[in-house]
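The listed protein sequences correspond, in order, to chains A and B.
What the first sequence shows, in the working numbering, is residues 243 to 454, in sequence order.
What the second sequence shows, in the working numbering, is residues 243 to 454, in sequence order.
Every residue, glycine too, gets a C-beta built ideally from N, C-alpha and C.
Number of protein chains: 2
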Amino acid sequence: MGTGRTAAEPQPRRSHARSNRVRLLAAAREELGRDPDASLDEIARAAGVVRRTLYGHFPNREALIDALAAEAEERLEEAFTAARRPGAEPAAALAGLVLASWEVGDHYRMLISLARRRLGEERLRAILAPARAEAVAILERGQRDGSFGTHLPAPVLALATESVVLALLETPPSAEWSDPTGQAAATAVLVAAGVSPAAARVYVEAALRTGR
Amino acid sequence: MGTGRTAAEPQPRRSHARSNRVRLLAAAREELGRDPDASLDEIARAAGVVRRTLYGHFPNREALIDALAAEAEERLEEAFTAARRPGAEPAAALAGLVLASWEVGDHYRMLISLARRRLGEERLRAILAPARAEAVAILERGQRDGSFGTHLPAPVLALATESVVLALLETPPSAEWSDPTGQAAATAVLVAAGVSPAAARVYVEAALRTGR
DNA sequence: ACTTACCTGCACACTAATGTGCAAATAACG
DNA sequence: CGTTATTTGCACATTAGTGTGCAGGTAAGT
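And the structure:
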């Protein structure tokens with residue numbers, strides 16, 4: 243096969259059809275996560291096809307990235323609606339929201355840094371908007387009923403929430419800590435909202451059990 | 243003057259020499275902040291010179307960005323050493339650290355998103371390393387003496403601290419909140435570390451007075 | 001086997017950006 | 001005024017990546 247392909251995975255069978263579309267999206271997620279400027283050529287051959295084939299599925303780079311964003315957006319919304327528990331205590335609801343976001347983010351980890359730069363701030367904001375809105379609502383409710391502190395306005399707390407979750411997702415496990423978990427993220431968020439560390443721990447553990 | 247220059251600032255006199263180097267760095271900060279992929283041409287003419295002149299000061303794109311990073315790094319370190327107060331209570335020290343970082347970040351606001359993508363994670367991490375280390379040290383001290391909660395390991399709290407400060411810096415003022423301040427950032431950080439909202443407020447205000 | 005759909009391997013044309021070379025204009029400085 | 005340092009305006013060579021066209025190859029389905 244033409245130019246030196248270092249070594250691709252086994253790839254037992256190739257059921258052509260739309261399988262390649264999926265393969266391409268997966269490869270794009272991977273490669274663009276590693277380097278948001280990865281060329282279409284790199285992406286294509288990471289998917290086990292040639293560049294020309296990619297154009298058979300996506301007319302241009304933008305379309306590919308859009309498809310990727312749409313995919314993530316969809317899964318995120320699914321997770322939210324599944325995790326939404328309207329009657330719950332604010333602290334429990336917030337913990338649930340963070341845990342749900344974490345699961346999606348965990349799968350799309352690589353995409354985050356890509357989104358930061360290649361999607362443009364607006365698009366990224368749009369994708370995260372439902373989560374943000376939900377968080378703001380919960381936080382406002384909690385500030386009204388005293389579950390959360392009023393040291394900062396709810397939208398600012400929501401921003402902090404989002405940034406902490408993203409940062410924890412983005413940070414690779416290092417020698418200093420053992421791979422941040424959704425549990426850690428949820429705890430951090432609750433405490434930042436003014437819940438005492440002890441209480442936060444309880445809420446998070448409860449949400450963990452409920453969510454599953 | 244040659245090719246249509248839409249309209250540059252007045253620019254009363256041009257004291258050639260190294261003045262242009264400064265002008266170029268400033269323009270780079272501005273343009274690259276707006277669009278991290280801005281071409282050298284855009285940067286040069288934003289500085290009021292032609293592209294060819296830029297090459298007279300920086301051999302290539304990388305050198306320019308490096309110079310920019312070095313500049314920011316230097317100012318950041320200056321701010322830290324100025325803000326360091328070894329004997330202080332942990333909560334006060336942390337508030338002081340955040341406030342000091344805020345001032346620098348506030349001036350280099352535009353640079354943050356650039357750093358996120360153009361400098362590479364390692365370089366960015368390197369620039370923020372002293373701040374991070376300082377934060378970890380303060381947080382550990384505070385966890386030992388009970389000022390902060392132990393709900394999360396200090397390095398994770400430091401990461402959260404950093405992410406919140408950066409997020410607040412990066413977020414443009416919107417209708418929902420009136421331009422986050424260093425004070426807000428410091429408060430958010432202290433609360434996230436497990437200080438009660440009421441106490442956090444006091445510490446931050448004290449640090450604000452001391453810092454000035 | 002035949003048809004359909006997809007993949008491949010080129011070859012192109014095109015664009016945007018980078019980095020250099022050089023001679024002429026221009027400012028700064030003594 | 002002359003010297004020196006810089007800037008400017010081209011013109012080039014180069015590179016990397018994008019998007020298309022088209023002729024053949026290969027798998028799948030019937």
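Nearest in C-alpha terms to T392(B), of all of L381(B), A286(B) and L401(B), is L381(B).
At the C-beta level, T429(B) and A442(B) come within 9 angstroms of one another. E331(A) sits close to S389(A), with the two beta carbons spaced by under 9 angstroms. Among the residues of the stretch 360-389 of chain B, none has a Cβ less than 7 angstroms away from any Cβ of chain A. According to the DSSP assignment, A442(B) belongs to the alpha helix (DSSP H) that extends over P439 to G453. Residue-level contact by beta carbon fails for W344(B) and chain A, as no gap is shorter than 9 angstroms. In the DSSP annotation of this structure, the continuous segment of the alpha helix (DSSP H) that includes T429(A) starts and ends at G424 to A434. For N302(A), the three-state secondary structure derived from DSSP is coil. Taking 8 angstroms as the cut-off between beta carbons, none of the residues of the stretch 280-291 of chain A comes near chain B. Between L411(A) and the set V346(A), R383(A) and L366(A), the nearest pair of CA atoms involves V346(A).
Short of 6 angstroms from the beta carbon of A357(B), and not among the five residues preceding or following it, lie these beta carbons of its own chain, in chain order: L366. In this structure, the CA atom of D421(A) is about 22 angstroms from the CA atom of E376(B). In the same chain as A309(B), and ignoring 5 residues on each side of it, the C-beta atoms closer than 7 angstroms to its own belong to L267 and F300, in chain order. At a cut-off of 9 angstroms between beta-carbon atoms, H299(B) makes no contact with chain A. The C-alpha of L339(B) lies about 11 angstroms from the C-alpha of L432(B). Under the Cβ criterion of 9 angstroms, T295(B) is not counted among the residues facing chain A.
When DSSP states are grouped into helix, strand and coil, V406(B) belongs to the helix group. Within the stretch 413-442 of chain B, contact with chain A at the beta-carbon level (separation under 7 angstroms) is assigned to T413, E418, W419, P422, A426, T429, A430, V433, A434, G436, P439 and A442. The beta carbon of S355(A) sits closer than 9 angstroms to some beta carbon of chain B. The continuous stretches of alpha helix (DSSP H) do not include L361(B), and DSSP gives it neither H nor E. By the CB criterion at 9 angstroms, R327(A) and A289(A) fall outside the cutoff. In this chain, L394(B) is not harboured by any alpha helix (DSSP H), its DSSP state being neither H nor E. Residue environment analysis places S343(B) among the buried positions, since at least 16 neighbouring C-beta atoms fall within 10 angstroms of its C-beta. When rounded, the separation of the alpha-carbon atoms in A333(A) and I307(A) is 35 angstroms.
Pairing A402(B) with A434(B) gives a Cβ-Cβ distance under 9 angstroms. For P397(B), the chain A residues whose Cβ falls inside 9 angstroms of its Cβ are S416, E418 and W419, in order along the chain. Taking the Cβ atoms as the reference, D279(A) lies roughly 16 angstroms from R293(A), outside the contact range of under 8 angstroms. Among the residues facing chain A, L336(B) is not included, as its CB has no counterpart in that chain under 9 angstroms away. In the structure shown, P415(A) falls within a coil segment according to DSSP collapsed to helix, strand and coil.
Taking every protein chain shown into account, the CB of N302(B) has fewer than 16 other CB atoms within 10 angstroms, so this residue is exposed. Chain A has no Cβ within less than 9 angstroms of the Cβ of E304(B). Boundaries of the alpha helix (DSSP H) harbouring A334(A): P332 to H349, taken from the DSSP string. Counted as a single uninterrupted DSSP element, the alpha helix (DSSP H) harbouring A288(A) occupies residues L282 to A288. By the beta-carbon neighbour count (other beta carbons within 10 angstroms, threshold 16), R276(B) is exposed.
When DSSP states are grouped into helix, strand and coil, D387(B) belongs to the helix group.
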